[in-house]
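Counting in my numbering, the sequence shown runs from 80 upward without gaps. Glycine included, C-beta positions come from ideal geometry on N, C-alpha and C. Keep in mind that this is a model prediction, so the values were computed, not measured.
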Amino acid sequence: MPEQLQPHGIRPTLSALLDLWGRPHRLDPRTIIGRQVEGTGLAILEPSVSRHHAHITLDGDAWTLRDLGSANGTYLDDKLIEGPITIKDGDRIRFGHIAFYFLQDISRLPAPRHGRTATATIKPPPQVIESIVPIPQLQTIADHPFESEERTNVGLPAMSFKLHEPTGGGGGLIEVDGKQVQLTTTQFELMALMIRRMASESHQPDLVRGFVRSSELIADLSWDTREPSENHVKQLVRRVRRALIKSEIGDLIESRHRFGYRLRAIPRQ
């Protein structure tokens, strides 16, 4: 969403990165791209972007793109770059999963026809639901379309979590603010992973904190099938949600398209 792109410039040039909403983000002579940008640069609050992902520098009259050892790579026209490379007007640059077009001179851009400002918010499509119902009031499963993308209600509540896993395996018990729920091995691993991820990313903004991708769940959880898929992940999440709601804990799992799944609460220290 537009709010996940946060430019911080001091000496902006006429060159820019154009995002998918058509907004130009002007480049400084040396611009850092990453999830956490201190000083000048472009902060992209998205899990596929590394903390310090890449930088773009003006060398004479040419712009140079370099990857900074990012986890998910930097791409020029969908080709992974392995060293410094010169970029030119119209090139498509992708950082992790987030792509831009490089513009040499934004003065050639037409003026916006609708007067949209740089901080305007794009409204979500009609099928997106707002997760604004307080957790204790989520009682029924039929009224909650789990497969739909959810909008985050930033301001996550702090809750107490205790994990009890028997030494012999066979699942485990999770206690949430004094209420207990018994889960199978894979269900317990899912909850434990999301609790740890949310606790470890205290440095992240609430908007993007604690998400775990489906690919990570497929790789790390103990599945009872040889070839787990995205559909198995959805079924697992659905069962855990039902167990949490049945135990009067509430729906503690949020799903967001392209982000994955996360705990809808911050573990209390």
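For this session: Kindly list the residues whose CB is nearer than 8 Å to the CB of S91, restricted to its own chain and excluding five residues on each side of it in sequence; keep chain order.
Result: Per the sequence shown, residue 91 should be read as Pro rather than Ser. Cβ within range, chain order: R105, L106, D107.
Problem set entry | Whole-angstrom distance between G101 and E226, CA atom to CA atom | Low per-residue confidence applies at E226: pLDDT is 44, beneath 50, and the placement is therefore not dependable, though the value from the model is reported in the following sentence. Counting only the Cα atoms, G101 lies some 29 Å from E226.
For this session: Have a look at E309 and Y340 and give me their C-alpha separation to the nearest angstrom.
Result: Near 12 Å, if we compare the C-alpha coordinates of Y340 and E309.
Exercise. Between the C-alpha atoms of S129 and L155, what's the straight-line distance to the nearest angstrom?
Worked result: Roughly 17 Å between the two C-alpha positions.
Problem set entry | DSSP beta-bridge partners of A271 | According to the DSSP secondary-structure assignment, A271 is paired through a beta bridge with no residue.
Problem set entry | C-alpha distance - P245 paired with M238, whole-angstrom precision | So the alpha carbons of these two residues sit roughly 23 Å apart.
For this session: Specify, as a first and last residue, the run of the beta strand (DSSP E) that H87 falls within.
Result: 84-87 is the extent of the beta strand (DSSP E) around H87.
Exercise. Per DSSP, which one or two residues make a beta bridge with P346?
Worked result: DSSP, once it has assigned bridges, lists M238 as partnering P346.
Problem set entry | Beta bridge counterpart(s) of E254 as assigned by DSSP | According to DSSP, which records beta bridges pairwise, E254 is partnered with K241, Q259.
Problem set entry | Residue range of the unbroken beta strand (DSSP E) whose run includes R90 | No beta strand (DSSP E) holds R90; DSSP gives it neither H nor E.
Exercise. If we count the other Cβ atoms within 10 Å of its Cβ and call it buried at 16 or more, is Q266 buried or exposed?
Worked result: By the 16-neighbour rule on beta-carbons within 10 angstroms, Q266 is buried.
Problem set entry | C-beta neighbour in chain C for A278, strict 7 Å | Given the protein chain composition of this structure (a single chain), no chain C is represented.
For this session: Kindly indicate the opening and closing residues of the beta strand (DSSP E) around L323.
Result: Careful: L323 lies outside any beta strand (DSSP E), inside the alpha helix (DSSP H) at 309-325.
For this session: Look at the Cβ atom of V291, then the Cβ atom of R275, and state whether they are nearer than 7 Å.
Result: In this structure, R275 does not lie closer than 7 Å to V291 by Cβ.
Problem set entry | First through last residue of the alpha helix (DSSP H) which encompasses G295 | Contrary to the premise, residue 295 reads as Glu rather than Gly in this sequence. It spans 293-299 - the alpha helix (DSSP H) in which E295 sits, taken as one unbroken run.
Exercise. Using DSSP with H/G/I as helix, E/B as strand and the rest coil, what is I201?
Worked result: In this prediction, I201 has a pLDDT of 36, which is less than 50 and means its spatial position is unreliable; what the coordinates show is noted afterwards. It is coil, neither helix nor strand.
Problem set entry | Status (buried if at least 16 other CB within 10 Å, exposed otherwise) for I134 | For the sequence presented, residue 134 should be read as His rather than Ile. Within 10 angstroms of the beta-carbon of H134 lie 16 or more other beta-carbons, which makes it buried.
Problem set entry | Cβ distance (whole Å) where Q183 is taken to contact I123 below 8 Å | In fact, because the Cβ distance is near 21 Å, the residues do not count as touching under 8 Å.
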